[in-house]
Amino acid sequence: MNHKPKLWTKDFLIVSSANFFLFLTFYVLMVTLTIYTMDHFHASQAQAGLASSIFVLGAVLVRPIAGKKIDKIGRRKMLLGSLVLFLIASIGYFLVNSLSLLLIDRLIQGFAFGLATTATGTIAADIIPNERRGEGTGYFAMSTNLAMAFGPFIGLLITQHFSYSIIFYAASLFAAFSLVASLFMNVPEGDKGGASPQKGFKISDYFEKRALPIAIFIGFAGFTYSSILSYLTSFAKEKDLMGAASFFFVVFAVFLLASRPFTGRMFDVKGENAVIYPSLLLFAVGMVILSQSHHGITLLIAGALIGVGYGTFQSSCQAISIKEAPSNRMGLATSTFYTMYDFGIGVGPFLLGFLIPFTGFKGLFMGMSIFAFVLIGIYYLAHGRKASARKKMQHEERLSA
């Protein structure tokens with residue numbers, strides 16, 4: 002009888018929980034900081050946008066260094082040190098009394114976030130058994146997906162019914178949960194020696210080239226998804242759909258949770274293409290329905306399709322980035338993946354903001370739905386054709402055996 006190696010260990014649950022609270026803090030602040038900055042500091046829309054996106058800039062800048070240095074510093078040291086800094090920056094919002102101090106605090110918290118999520122991703126990749134790579138990475142990525150769903154919901158709920166200080170209390174509490182959980186985890190350490198250091202700048206020291214194609218693809222996907230994160234509320238207000246919009250991310254999470262047991266297993270058994278092509282199609286169709294929404298139920302149907310589609314291919318691509326890299330460069334593969342993803346999420350709202358005066362919100366989402374179909378072709382070029390060739394070769398080897 003074939004026994005699968007255990008996935009749901011204590012350490013896997015802890016690293017997933019720590020990751021969930023990290024991203025929950027990120028998304029709670031992401032959807033509220035723009036409004037807070039304009040209300041509290043009378044900032045312009047551009048300045049408010051900068052207060053939101055400078056966090057992502059901090060994470061993008063530090064990730065390549067984190068990926069290179071994680072095993073030299075030690076995974077546990079990097080994780081706990083960055084979580085302490087993340088918590089201090091969360092508490093720092095209470096002390097901020099000017100826009101410039103807010104930007105500095107956001108940048109520092111972005112640095113800490115980049116270090117911490119590189120650590121959690123690398124630790125999770127090491128804990129997950131190879132035979133359950135797709136399934137395990139899918140469940141770990143669900144901690145990010147759930148935060149992506151409930152963070153905006155919590156943030157908007159607090160904004161509507163409470164003062165801004167409650168947002169900062171919530172952010173500090175979630176950051177503390179992440180730190181406390183990590184204290185009880187046994188962290189597998191990588192090879193601290195590694196290859197002998199070479200002088201001069203080499204891009205391979207900061208990016209894992211085998212993970213780069215799929216990471217570039219997820220950057221484009223993150224760019225597309227950033228339109229929902231940044232402009233769904235404005236679109237819903239325009240269409241008088243705010244009641245349904247507040248539950249968009251909850252429906253996203255429920256349908257993603259329901260699909261996860263099947264999609265993760267299918268990744269391991271049938272291969273990545275069998276999962277990613279259908280999920281990309283679901284995401285694109287969901288974007289089309291979103292752009293044409295005039296009723297609450299239509300908006301929620303879009304949320305369900307986007308949740309299953311986006312959540313599935315995002316976690317599958319993370320599994321691919323780790324699978325493609327050698328074991329001693331898993332940290333670098335993780336940072337490469339998240340650097341490109343963060344860049345897409347971060348630059349999206351800024352660039353798309355220039356289009357809205359010309360397209361309106363409906364036109365923006367229609368354009369993004371067309372780009373979602375283009376993502377299918379980008380995936381084929383980045384990884385899909387390679388995965389098909391590999392699958393065909395394995396099939397021919399089995400036939401000739």
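With this note's numbering as the guide, the letters of the sequence shown map in order to residues 2 to 402. All C-beta atoms in this analysis are idealised placements derived from N, C-alpha and C, irrespective of residue type, glycine included.
By the Cβ test, the segment 292-306 is in contact with the segment 224-243, since at least three Cβ pairs between them sit closer than 8 Å. The beta carbon of Ser280 lies closer than 6 Å to those of Gly310, Thr313, Phe314 in the same chain, with the five residues before and after it left out. The way I'd put it, the segment 44-56 doesn't touch the segment 157-169; fewer than three beta-carbon pairs between them come closer than 8 Å. Looking at the backbone, the Cα of Gly332 and that of Thr118 are separated by about 10 Å. Taken through DSSP and simplified to helix, strand or coil, Met186 comes out as coil.
For His295, there is no enclosing alpha helix (DSSP H), since its DSSP letter is neither H nor E. Just so you know, the alpha carbons of Phe175 and Asn146 end up roughly 16 Å apart. By the criterion of a C-beta distance shorter than 6 Å, Lys392 is surrounded in its chain by Gly272, once the five residues flanking it on both sides are discounted. C-alpha of Arg261 to C-alpha of Asp40: approximately 40 Å in a straight line. Of the candidates Leu102, Ser322, Lys5, Phe224, Lys5 places its Cα closest to the Cα of Glu132. Exclusion of the five residues before and after Ala212 leaves Ser322, Glu325, Ala326, Ala334, Thr337, Phe338 as the residues of its chain whose Cβ lies within less than 7 Å of its Cβ. Here Val57 is buried: its Cβ has 16 or more other Cβ atoms, across all protein chains shown, within 10 Å. Boundaries of the alpha helix (DSSP H) around Ala117: 100-128. Taking all protein chains in view, the Cβ of Leu352 is surrounded by fewer than 16 other Cβ atoms within 10 Å, so the residue is classified as exposed. In the DSSP assignment, Glu397 falls within the unbroken alpha helix (DSSP H) covering 386-401. His162: member of the alpha helix (DSSP H) spanning 134-162, first to last residue.
Here Ala246 is buried. Its C-beta has 16 or more other C-beta atoms within 10 Å. For the 8 Å CB-CB criterion, Phe95 and Phe169 form a contact. Excluding its 5 nearest sequence neighbours in each direction, Pro189 has C-beta neighbours in its own chain below 6 Å: Asp127, listed in chain order.
Secondary structure in the segment 253-314: the alpha helix (DSSP H) runs of 4 residues or longer, each lying completely within the stretch, are 273-292 in chain order. Taking every protein chain shown into account, the CB of Ile204 has fewer than 16 other CB atoms within 10 angstroms, so this residue is exposed. Assigned with DSSP and collapsed to three states, Arg211 falls in coil, not helix or strand. The C-beta distance from Phe27 to Ala150 rounds to 13 Å, too long to fall under 8 Å, and the pair is not in contact.
In this structure, the straight-line span from the alpha carbon of Tyr207 to that of Lys69 is close to 6 Å. If you look at Gly354, you'll find it in the alpha helix (DSSP H) that goes 331-354. Of the residues Ser99, Ile290, Ala60, Leu257, the one whose Cα lies closest to the Cα of Gly364 is Ile290. By the Cβ criterion, the segment 216-229 is in contact with the segment 338-350, since at least three pairs of Cβ atoms, one from each stretch, lie closer than 8 Å. Residue environment: Met369 is assigned as buried (16 or more neighbouring CB atoms within 10 Å of its CB, all protein chains considered). Close CB contacts of Thr121 within its chain, under the 8 Å cut and outside five residues either way in sequence, are with Val16, Ala19, Asn20, Leu23, Leu80 (chain order). When Ala285, Ala222, Gln395, Phe362 are compared, the shortest CA-CA separation from Gln319 is found for Ala222. Leaving aside the five residues that flank Leu233 on each side, the residues in its chain whose CB is nearer than 7 Å to its CB run, in chain order, Ala246, Phe249. Boundaries of the alpha helix (DSSP H) around Lys363: 357-380.
The residue among Ser292, His396, Asp343 with its C-alpha nearest the C-alpha of Ala373 is Ser292. For Gly220, same chain residues with a beta-carbon under 8 Å away, outside a window of 5 residues either side, are Met341, Tyr342, Phe344, Gly345 in chain order.
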